[in-house]
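Chains as they are written, first to last, in numbering that gives the first Met the number 0: chain V, 0 to 320; chain R, 0 to 320. Beta carbons: idealized from backbone N, C-alpha and C, even for Gly. For reference, the structure is listed below as structure tokens.
Protein chains: 2
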Amino acid sequence: MDLVDRLLDGDRRALARAITLTENEDPLAGDLAAAVFPHTGRARTLGVTGPPGVGKSTVVDGLVHLERATGRRVGVVAVDPTSPFSGGAILGDRIRMRRGASDPGVFIRSLATRGHLGGLSWHTGSVVRLLDAAGFDTILIETVGAGQAEVEIMRYAVTTIVILVPGLGDEVQAIKAGILEIADILVVNKADREGADGLVRELEATLELGAGSAASWKPPVLKTVATADRGLDAVLAAAHDHYLYLESSGSLQARLERELNAEVRGLVRDLAGRAALDWARSAGAWDSALSEVLARRTDPRSAAAGLVTRFLGRVQRKSRP
Amino acid sequence: MDLVDRLLDGDRRALARAITLTENEDPLAGDLAAAVFPHTGRARTLGVTGPPGVGKSTVVDGLVHLERATGRRVGVVAVDPTSPFSGGAILGDRIRMRRGASDPGVFIRSLATRGHLGGLSWHTGSVVRLLDAAGFDTILIETVGAGQAEVEIMRYAVTTIVILVPGLGDEVQAIKAGILEIADILVVNKADREGADGLVRELEATLELGAGSAASWKPPVLKTVATADRGLDAVLAAAHDHYLYLESSGSLQARLERELNAEVRGLVRDLAGRAALDWARSAGAWDSALSEVLARRTDPRSAAAGLVTRFLGRVQRKSRP
């Protein structure tokens with residue numbers, strides 16, 4: 000495939016086209032993913048997440064700038080799990096105004112939900128691999144929002160940076176509990192605001208409580224003022240330390256294996272599920288099962304179990320001589 | 000099942016026990032869901048969502064209070080998709096301090112992610128049905144956070160109230176685009192703050208842009224100061240109007256059908272997927288497929304497709320005489 004060759008050569012237009020095919024779930028996207036997969040696994044991936052309004056984009060811009068200064072080529076995937084209907088138009092607009100948008104060593108792309116969350120997560124992984132195969136050395140994965148979606152998306156990052164700011168409201172306590180668990184590095188951005196030191200202490204205390212064995216990585220809590228480019232070099236240094244830690248402890252390989260395992264598992268479920276649904280619809284079994292549910296005579300789970308049992312049984316019957 | 004009878008009689012302890020079984024995915028939970036399903040479909044469901052820090056809990060507390068004043072029994076399901084690891088402990092603490100927590104006509108329960116998002120969504124639907132079967136007239140579904148998770152969870156609400164406040168940061172623009180699409184009623188809370196009228200106008204303009212046919216529901220934008228119980232009666236009145244609109248236009252039935260359709264579809268995928276995975280693991284096909292992926296010789300999607308094809312083929316072979 001000519002597109003694959005050009006992409007592997009680092010051609011930006013080929014890369015852009017490949018990403019679009021992937022986002023649109025074009026039939027070619029699967030072949031493309033299969034063709035580039037053997038050429039992946041070299042790039043370093045870095046995730047940046049946190050609740051809305053903490054300045055993630057500014058931090059990412061600053062990190063891109065610092066990485067470029069060392070000559071590394073940088074890809075940015077900005078994932079927006081919050082706008083299933085906006086099609087990412089807003090995020091896209093913001094991206095065009097970004098620093099580095101005209102640097103040939105930087106490639107920025109936004110991804111938005113177009114339907115189910117699982118789809119977005121799969122797209123993210125695929126796009127990271129396309130950038131990897133196209134020769135980008137560092138890939139930054141940025142997500143807008145906060146929640147389970149980030150956890151799914153951050154699977155594709157080897158190092159996850161969680162950003163918070165002083166003065167977040169009440170409910171952020173709940174969010175914090177979740178994202179602390181995925182954070183390899185914690186950043187308190189807008190650290191010139193009141194309450195920054197208090198938040199740092201609070202986060203360190205929380206991490207202390209959750210600390211595991213003495214041998215494991217202890218997430219640092221770092222202060223930044225991203226709008227003034229302050230503290231970002233320390234963040235990048237911490238990311239480098241984390242990578243070296245993972246490599247030397249053997250966790251890097253274990254982490255990659257866990258990710259790929261989860262990905263194949265998810266795809267098996269998807270494909271098997273789709274086969275069952277296709278059968279149910281074409282055989283007319285779907286309509287009768289659903290009308291039982293609508294009449295509240297059968298509950299949804301029993302109806303689904305009945306359909307799947309019949310699907311697997313039908314495969315058996317069909318194969319009889 | 001004795002538990003079912005007691006639950007249908009409105010016994011609170013039976014209800015609490017049933018919810019715990021559901022949350023823990025106890026083997027009994029499926030039977031329980033099947034047994035109560037024919038007794039569901041009576042309660043009115045109301046969803047309350049929006050980004051962190053907008054005062055959702057205070058709004059919900061106020062709505063509970065108003066509903067109780069008319070004699071209706073009210074269930075509250077507070078769903079926390081943001082803390083996959085905290086087990087909802089933080090949300091649980093906050094709930095104990097709530098107004099109405101000691102009123103026998105009010106039942107409040109929190110649900111947190113314990114693994115995949117789909118699980119949480121299924122739990123929410125099941126718990127809403129348990130409350131419905133136990134005779135609660137109004138069920139409020141509250142979610143912390145903002146994003147795709149809410150969209151999934153709000154499927155279970157007939158009327159969705161989206162809350163915003165003046166002065167939210169930059170990225171909230173992105174969130175707004177998504178949640179506007181699911182909002183039946185928009186609330187600008189903390190409306191005594193500067194910028195409230197501007198936000199109302201902005202939201203009305205956005206709604207105007209997205210407005211469809213003249214016949215369809217036009218989401219009202221309402222101002223509240225929930226901490227002072229101001230404006231909540233108008234929110235409840237709007238929710239009532241929305242319900243009547245859905246009923247008279249036939250959309251209520253269509254909405255319920257769409258939800259149940261999506262639920263059965265999701266369950267078919269889950270069950271078929273699980274059958275395929277169970278086979279792959281027990282047959283040893285899993286390990287060999289995964290090692291091909293880890294060596295980057297086969298990409299994840301091709302590996303998954305191969306496993307599913309073999310799974311369906313194996314069912315065939317097994318059935319041969």
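Taking a contact to mean a Cβ-Cβ separation below 8 Å, would you say T39/V touches V78/V in this structure? no
Which residues, in order along the segment 22-34 of chain V, keep a beta-carbon less than 8 Å from a beta-carbon of chain R? Listed by position, the residues of the segment 22-34 of chain V near chain R (Cβ gap below 8 Å) are G29, A32 and A33.
Spatial neighbours of V224/R within its chain, please: C-beta separation below 6 Å, excluding the five flanking residues on both sides. Taken in chain order, the residues that qualify are A190 and D191.
Continuous beta strand (DSSP E) stretch holding K189/V: start and end: Taken as a continuous stretch (DSSP letters only), K189/V belongs to no beta strand (DSSP E), as it is neither H nor E.
So with CB distances below 8 Å, who are the chain R contacts of F36/V? R295, T297, D298 and P299
Report yes or no: is there a C-beta of chain V within less than 8 Å of the C-beta of F135/R? no
So, under 8 Å CB-CB, V105/R and R71/R are touching, yes? Tell me the CB distance rounded to an integer number of Å. Not a contact, Cβ separation roughly 10 Å.
Can you say whether G197/R is buried or exposed, counting buried as having 16 or more other CB atoms within 10 angstroms of its CB? exposed
Quick one: list the residues of chain R neighbouring R268/V, beta-carbon separation under 9 Å, in chain order. What R268/V touches in chain R: R268, D269, A271, G272, R273, A275, L276 and A303.
Nearest candidate by alpha-carbon position, reference P299/R, set E256/V, L65/V, P26/V and S281/V: E256/V
Tell me, please, which residues DSSP counts as bridged to A77/V. S109/V and E141/V
Could you have a look at L255/R and say whether DSSP puts it in helix, strand or coil? helix
Could you work out which residues of chain R lie near T223/V, taking near to mean beta carbons separated by less than 9 Å? Neighbours of T223/V on chain R: none; closest Cβ ~17 Å, over 9 Å.
Going by Cα to Cα distance, which pick from A238/V, A261/V and I18/V is closest to L65/V? A238/V
What residues are listed by DSSP as bridge partners for R229/R? According to DSSP, which records beta bridges pairwise, R229/R is partnered with V224/R.
Residue burial classification, R295/R (beta-carbon count within 10 angstroms, cutoff 16): exposed
Burial state of P50/V, where buried means 16 or more other Cβ atoms lie within 10 Å: buried
By how many angstroms is the C-alpha of I107/V removed from the C-alpha of S101/V? In a straight line, the C-alpha of S101/V is about 10 Å away from that of I107/V.
Closer than 7 Å at the beta carbon, the chain R residues around E262/V: Residues of chain R with a Cβ closer than 7 Å to the Cβ of E262/V are, in chain order, P299.
What distance in whole Å lies between the Cβ atoms of V3/V and L31/V, which are believed to be in contact at a cut-off of 8 Å? 7 Å
Strictly under 8 Å for the Cβ-Cβ distance: is L7/R near chain V by that measure? no
Distance, Cα to Cα, V35/V vs R128/V? One C-alpha to the other measures close to 8 Å.
Could you check what DSSP says for I181/V in three-state terms: helix, strand or coil? Three-state result, I181/V: coil.
For I162/V, the residue or residues it bridges with in DSSP: V186/V
Who does T48/V pair with in a DSSP beta bridge? V161/V
Which two residues bound the contiguous alpha helix (DSSP H) that contains A402/R? Nothing can be reported for residue 402/R, as the shown portion of chain R is limited to 0 through 320.
Helix, strand or coil for R43/R? Go by DSSP, reduced to three states. strand
If the cut is a Cβ gap below 7 Å, which residues of chain R does E397/V touch? The question about residue 397/V has no answer, for chain V in this structure spans 0 to 320.
Sub-8 Å separation of V47/R and I162/R beta-carbons: yes
Pair within 8 Å by beta-carbon distance, T159/R and A182/R: yes
With distances taken between CB atoms, is the gap from P165/R to G194/R smaller than 8 Å? yes
Could you give the first and the last residue of the continuous alpha helix (DSSP H) run that contains D4/R? Where D4/R is concerned, the enclosing alpha helix (DSSP H) starts and stops at D1 to L7.
Helix, strand or coil for E339/V per DSSP? This structure gives no information on residue 339/V, because the portion of chain V shown stretches from 0 to 320.
For the alpha helix (DSSP H) that R296/V lies in, which residues bound it at each end? Looking at the DSSP string, R296/V is not in any alpha helix (DSSP H), and its letter there is neither H nor E.
If you draw a straight line from the alpha carbon of T130/V to that of L251/V, how long is it in whole angstroms? The residue asked about is misnamed: residue 130/V is Leu in this sequence, not Thr. Distance between the alpha carbons of L130/V and L251/V is about 20 Å.
Return no unless some Cβ of chain V is closer than 8 Å to the Cβ of V47/R. Taking Cβ atoms only, chain V never reaches closer than 8 Å to V47/R, which makes this a no.
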